[in-house]
Amino acid sequence: MEAIMVKPEALVLVLVLVVESLKALLLGMFTALKRGKMGKFINKEDAEWLGGEVVSLDAPEPSRFFRAQRNALENLLPFSVLACCFILIGGNGLAATVYFTAFSLSRLAHCYAYLTCKPMMRRNAYSIGWLVQILLALHVATIVILGHLTVI
């Protein structure tokens, strides 16, 4: 695939967007790790599964939908940035299809698992989508840093 953006300033922007996307993804992971370490969970099934207590600021039903929506948006932004960067720098079409499809399927599974209180399925689906974004970010950064737009 041919790169759309080859100006040096565009490549700097791509690297900044990749770094910021990775930062957002890592902050989400560290938030979950901290909750687990403290044993304080916002979902009842997580507290039961991992042996902790539930802490809540809202009624359970609207809270669950709100958290599912927030999680979807928190993942959509970095993915959108990374996917656009991948296309703009001329990333491989087959790789793009694999990344984009895997992300979409994992996020659909995550939403289903979240709304039906299936913690292990939710964790696994989230992890797949998160890993896809990390791999996509590393792929974009590798293409930009090495400058081999058609090889990788």
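Here the sequence shown is numbered in the numbering used here, starting from 441 and rising by one per residue.
Cβ coordinates follow ideal geometry from the N, Cα and C atoms, glycine included.
heavy atom of the ligand GTP below 7 angstroms from residue i C-beta
i      : result
Val584 : The ligand content of the structure shown is nil, which means the ligand GTP is not present either.
Per-residue DSSP class, three states only, for residue i
i      : result
Val495 : coil
Lys480 : strand
Ser574 : Per the sequence shown, residue 574 should be read as Ile rather than Ser. Reduced to three states, the DSSP call for Ile574 is helix.
Gly468 : helix
Gly587 : coil
Sub-8 angstroms separation of residue i and residue j beta-carbons
i      : j      : result
Val454 : Val584 : yes
Leu555 : Ala508 : yes
Leu522 : Val458 : yes
Val580 : Cys525 : yes
Leu466 : Ala577 : no
Leu473 : Phe481 : no
Arg547 : Ala553 : no
Glu485 : Cys557 : yes
**Message:** Could you check whether the stretch 537-546 touches the stretch 474-483, counting it as contact only if at least three pairs of C-beta atoms, one from each stretch, sit closer than 8 angstroms?
**Reply:** They do not touch, by the three-pair rule.
**Request:** May I ask you to verify whether the stretch 546-566 touches the stretch 508-519, counting CB pairs closer than 8 angstroms and requiring at least 3?
**Result:** With contact defined as three or more Cβ pairs closer than 8 angstroms, the stretch 546-566 and the stretch 508-519 are in contact.
**Asked** What are the complete alpha helix (DSSP H) segments, minimum 4 residues, inside the stretch 485-560?
**Response** The stretch 485-560 contains, as complete alpha helix (DSSP H) runs of 4+ residues, the segments 500-528, 533-555 (chain order).
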